[in-house]
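Protein chains: 2
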Amino acid sequence: MSPDLAETIAAVRDRVTPSAEERDALEEVVDLLLARTEATVAEADVEADVLRVGSTARQTWLRGDRDIDIFVRFDPSYSREELEREGIAIGKTVLPDGELEYAEHPYVTAEFEGYSVDLVPCFRVESGAKTRSAVDRTPFHAEYVKERLDPTLATDVRVLKRFCEAIGVYGSDLRTEGFSGYLTELLVLEFGSVEGVLEAAASWHPPVHLDPEDHGIEEFEDSLVVIDPTDPARNVAAVVSAENVARFQHHVRAVLAEPSIDKFEPPEIAPLTDHELRDHLQQRETTPIAVQFAAPDVVEDQLYPQLRSSVTSISNALDAHGFDVVRTTTFADETAVLYFELAVRERPAIERHAGPPVQVQQHAAAFLDRYADADVYGPFIEGDRYVVERPREIRTAAALLTPDHLLNVGLGKDIRRVLAEGYDVLENDDVTALLPEFGRELRRFYEPSP
Amino acid sequence: MSPDLAETIAAVRDRVTPSAEERDALEEVVDLLLARTEATVAEADVEADVLRVGSTARQTWLRGDRDIDIFVRFDPSYSREELEREGIAIGKTVLPDGELEYAEHPYVTAEFEGYSVDLVPCFRVESGAKTRSAVDRTPFHAEYVKERLDPTLATDVRVLKRFCEAIGVYGSDLRTEGFSGYLTELLVLEFGSVEGVLEAAASWHPPVHLDPEDHGIEEFEDSLVVIDPTDPARNVAAVVSAENVARFQHHVRAVLAEPSIDKFEPPEIAPLTDHELRDHLQQRETTPIAVQFAAPDVVEDQLYPQLRSSVTSISNALDAHGFDVVRTTTFADETAVLYFELAVRERPAIERHAGPPVQVQQHAAAFLDRYADADVYGPFIEGDRYVVERPREIRTAAALLTPDHLLNVGLGKDIRRVLAEGYDVLENDDVTALLPEFGRELRRFYEPSP
Chain A
1 MSPDLAETIA AVRDRVTPSA EERDALEEVV DLLLARTEAT VAEADVEADV
51 LRVGSTARQT WLRGDRDIDI FVRFDPSYSR EELEREGIAI GKTVLPDGEL
101 EYAEHPYVTA EFEGYSVDLV PCFRVESGAK TRSAVDRTPF HAEYVKERLD
151 PTLATDVRVL KRFCEAIGVY GSDLRTEGFS GYLTELLVLE FGSVEGVLEA
201 AASWHPPVHL DPEDHGIEEF EDSLVVIDPT DPARNVAAVV SAENVARFQH
251 HVRAVLAEPS IDKFEPPEIA PLTDHELRDH LQQRETTPIA VQFAAPDVVE
301 DQLYPQLRSS VTSISNALDA HGFDVVRTTT FADETAVLYF ELAVRERPAI
351 ERHAGPPVQV QQHAAAFLDR YADADVYGPF IEGDRYVVER PREIRTAAAL
401 LTPDHLLNVG LGKDIRRVLA EGYDVLENDD VTALLPEFGR ELRRFYEPSP
Chain B
1001 MSPDLAETIA AVRDRVTPSA EERDALEEVV DLLLARTEAT VAEADVEADV
1051 LRVGSTARQT WLRGDRDIDI FVRFDPSYSR EELEREGIAI GKTVLPDGEL
1101 EYAEHPYVTA EFEGYSVDLV PCFRVESGAK TRSAVDRTPF HAEYVKERLD
1151 PTLATDVRVL KRFCEAIGVY GSDLRTEGFS GYLTELLVLE FGSVEGVLEA
1201 AASWHPPVHL DPEDHGIEEF EDSLVVIDPT DPARNVAAVV SAENVARFQH
1251 HVRAVLAEPS IDKFEPPEIA PLTDHELRDH LQQRETTPIA VQFAAPDVVE
1301 DQLYPQLRSS VTSISNALDA HGFDVVRTTT FADETAVLYF ELAVRERPAI
1351 ERHAGPPVQV QQHAAAFLDR YADADVYGPF IEGDRYVVER PREIRTAAAL
1401 LTPDHLLNVG LGKDIRRVLA EGYDVLENDD VTALLPEFGR ELRRFYEPSP
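Chains as they are written, first to last, in the numbering used here: chain A, 1 to 450; chain B, 1001 to 1450.
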């Protein structure tokens, strides 16, 4: 390791390690919550133990993070319904101000003394491979990491998390498609230090395959594969997109080539200004077109995959109609936006339509009949086929984005639902109307970087 | 056969059969030429016989045609050089005003008493399969047909030729890529009458394979295969394009469905007017662009294949640059024209340029280095690769038709030669400048029919 890199990492360590006061304060709250939860469990007379999990349990949380995760682990004799009912009741008792969150799995979440607390019921299962609910694996992860991560390694995990945050690949949610906390922990364990991770990643040739417990599983097709030590059937990095693996490599190389603390800081992105956006449009001479609508009220893990698949479907339709999509993006806040940049503004008035081969007499006759008196050029013969040139229905991208057509491409179901209620199409300079809400996203789009 | 068809064909027969006077006049001239040629051969003391070949020899010429073909068939002991020298000398003696034509094979051609006479030397070879020069097969064709074609069949050949003329597929030259006289003769022999040919062709499923003498050869890949009775290794229909086979089928069906004499008359095509052309351009909203240049001084059989391959090459380049070619054509007279109709008028100012996968460290570093301070958008990462958006060099079709680019696509060699000396590019309404020379061709292009 270069002295520069060592120095940089040491400086980042100082920044990301919580102070003694911060730790003490956190521990006090955690102890309080654990005690309260245990008492509630005892009172409720359910067979369950109470566990502290998450990064605060593993000493890998970043200074300033204020997330506390407490699990109530039920005996496997309980049914799924009982677990939900009792789990929620316990949560509501421990956190009277708590709200019920219920995506795939129910849990209670609340602000408590300045901390963000999740109280989550799960089943006690035999191993990470035998889970009954989506979160049953978590206690195994917590245990696996706690047993192996000494304070030095835990601090290295903090540095690696900070690096991932800085380059935008931290988080296993489906918006980010990045590195989970558990994944960063496994990487530090695998390579012995944060420097070890960086040096290894610089020369990765995806697909990368890591198997800390030598389970010998080879069947994953992801760009980055890290076999879960607690469940051989699971790739801990499954959610990490190929693009984010590439992005990670790019920035790893950059920091190794020129170590500096600012490479561990998320960049400040100023919103793009009206003037800057107009300049980009003029300079690129492309045609921007955006579909804007009220964001559906679903969690991000449901929203972003649907936004992306909608963008892909519409982009394919735009390409199929000859508008030649240059780039696309999607973003959401109060409203959601599907954004397309086109190379072709307008199509001609006619479109070629190839008919049957002349030799296929029955189809040929039907084709000739159909176009005999139609307002077309032809029929004429090209190669061995009949061809006509018909009036083209879709001559502009906007014509393809009318409800008749837009609602007939493959859209995510919640996206289709809200689009059916209405949406705006913004073209050319009108896309500047997106700036107040999405100025940062538009800067990222028009000033792209790795 | 429907009475209508029989009636129509009878009427066409009358039109295409030369009158007794026409025949007598022709025979008189042929006799004179044969006698004069034989005398010249005798005087020159070469070992050769004199043959009358071609449609006038087979009684299959159309009323009004005035072509006489006479072959001087040399003993095989002569060398190629001797054949050429003696053959030309004899030709020049028989036809003192004759001109030497020399494409692949030398011959003398002249206007003589109102007839167009070709006097062609060839070798006497054992069979059509053992030719030494390109025309040695002709006497075998003449003999094969003369032995089999009675006056009724000969008249049917005349009707079939007329039909092919009317629909634009008569002629085995490389401009037409159509049916030779010999091919029409073989078809009538094969199907027993012109009606037989029409009824068979209506339900052809190309590739069509005919083998009059059962040579059993199967290896041709053309759309229409007629094994030469005098040379099993040759497909008499090799030059007929798939498009002309389809065109023939189309018109055969039309005439069977609704027989009429005018379907045997070449249509009168009026030149497209300036007003009509502008209307088409406005109605189609496509972008026409034409390259016009002095036609190279080569025979049509050399010119048209080169024009077509040049159009294909340029069209591919236009497509590759995103101008989306709708249709193309080419025509030639004093000048030659490569004509393109585009769906896309203009490309944006930037173009996407995909770089190496991020993982390939050496290429990745070179790419980043190259574009670090360049005037580009990015580099950024898409999927697992680096991408930049660079300024686009070719933003209009005209930019691709400058000598720097045009002379670097695959052009026929004579086309390249004359283009290197200079050419004009006509865009949009300026293509109306082509009308005085190519009004008929432009009507065929803008009012296409089978």
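Quick reminder that beta carbons are idealized off the backbone N, C-alpha and C, glycines included.
For T152 of chain A, no beta strand (DSSP E) encloses it; the enclosing alpha helix (DSSP H) starts and ends at 151 to 167. With at least 16 other beta carbons inside 10 angstroms of its own, Y1339 of chain B counts as buried.
Minimum Cα-Cα distance from V1157 of chain B among the listed residues B:A1238, B:P1267, B:T1056 corresponds to B:T1056. A straight line joining the alpha-carbon of H1280 of chain B with that of N1428 of chain B spans about 11 Å. If you check each beta-carbon in the stretch 325 to 357 of chain A against every beta-carbon of chain B, the ones closer than 7 Å belong to V326, A343, V344, R347, P348, A349, I350, R352. A Cβ-Cβ separation of about 27 Å leaves L5 of chain A out of contact with P207 of chain A under the 8 Å criterion. Remark: C-beta atoms of Y115 of chain A and V29 of chain A approach each other more closely than 8 Å.
In its chain, beyond the 5 residues on either side, L1435, G1439 have a beta carbon closer than 8 Å to the beta carbon of T1273 of chain B. H1251 of chain B and R327 of chain A have their alpha carbons spaced roughly 48 Å apart. Distance from the Cα of A320 of chain A is smallest, within the candidate group A:L342, A:T335, A:T230, A:T329, for A:L342. If you look at D67 of chain A, you'll find it in the beta strand (DSSP E) that goes 67 to 74.
Under a 10 Å Cβ-count criterion, I1381 of chain B is classified as buried, with 16 or more other Cβ atoms of the shown protein chains found around its own Cβ. Here the C-alpha atom of H205 of chain A lies approximately 45 Å from the C-alpha atom of P403 of chain A. Think of a sphere of 7 Å around the beta carbon of Q249 of chain A: the chain B residues whose beta carbon falls inside it are V1358, Q1359, in chain order. Across the set B:D1262, B:G1087, B:G1383, B:N1316, the C-alpha of B:G1087 shows the shortest separation from the C-alpha of V1108 of chain B.
Residue burial annotation: G1064 of chain B is exposed, with fewer than 16 other C-beta atoms found within 10 angstroms of its C-beta. Under the Cβ criterion (8 Å, minimum of three pairs), the stretch 133 to 150 of chain A counts as touching the stretch 43 to 53 of chain A.
Measuring C-alpha to C-alpha distances from H1353 of chain B to each of B:D1228, B:Y1371, B:L1406 identifies B:Y1371 as the nearest.
Per DSSP, R1417 of chain B is one residue of the alpha helix (DSSP H) stretching across 1413 to 1420. When Cβ-Cβ separations below 8 Å define contact, T1286 of chain B makes contact with chain A.
Among the bridge pairs identified by DSSP, F1331 of chain B is matched with B:V1337. By the rule that beta-carbons nearer than 8 Å mark a contact, D384 of chain A touches chain B. The C-alpha of P151 of chain A is placed about 33 Å away from the C-alpha of P106 of chain A.
By a beta-carbon distance limit of 8 Å, L400 of chain A does not contact L419 of chain A. Their separation comes to about 14 Å. The CB of W204 of chain A comes closer than 9 Å to the CB of Q1359 in chain B, given here in chain order. Secondary structure note for E1086 of chain B: its alpha helix (DSSP H) is the uninterrupted segment 1080 to 1094.
Scanning B:P1356, B:V1094, B:E1265, B:D1228 for the CA closest to the CA of V1159 of chain B turns up B:E1265.
Cβ proximity to chain B below 8 Å picks out nothing from the stretch 40 to 58 of chain A. Within chain B, the residues whose beta carbon sits less than 8 Å from that of E243 of chain A are I1381, E1382, G1383, D1384, listed in sequence order.
Taking CB atoms only, Y1377 of chain B has a neighbour in chain A less than 8 Å away.
P1018 of chain B is outside the set of residues whose beta carbon lies under 8 Å from a beta carbon in chain A. DSSP, read as helix, strand or coil, puts A398 of chain A in helix. In the three-state reduction of the DSSP assignment, N235 of chain A falls in the strand class, which pools E and B. In this chain, the alpha helix (DSSP H) harbouring P1305 of chain B covers 1300 to 1320. A1134 of chain B is positioned such that its CB atom lies no closer than 8 Å to that of A1233 of chain B. Residues of the stretch 1393 to 1419 of chain B with a Cβ closer than 9 Å to any Cβ of chain A, in chain order: R1395.
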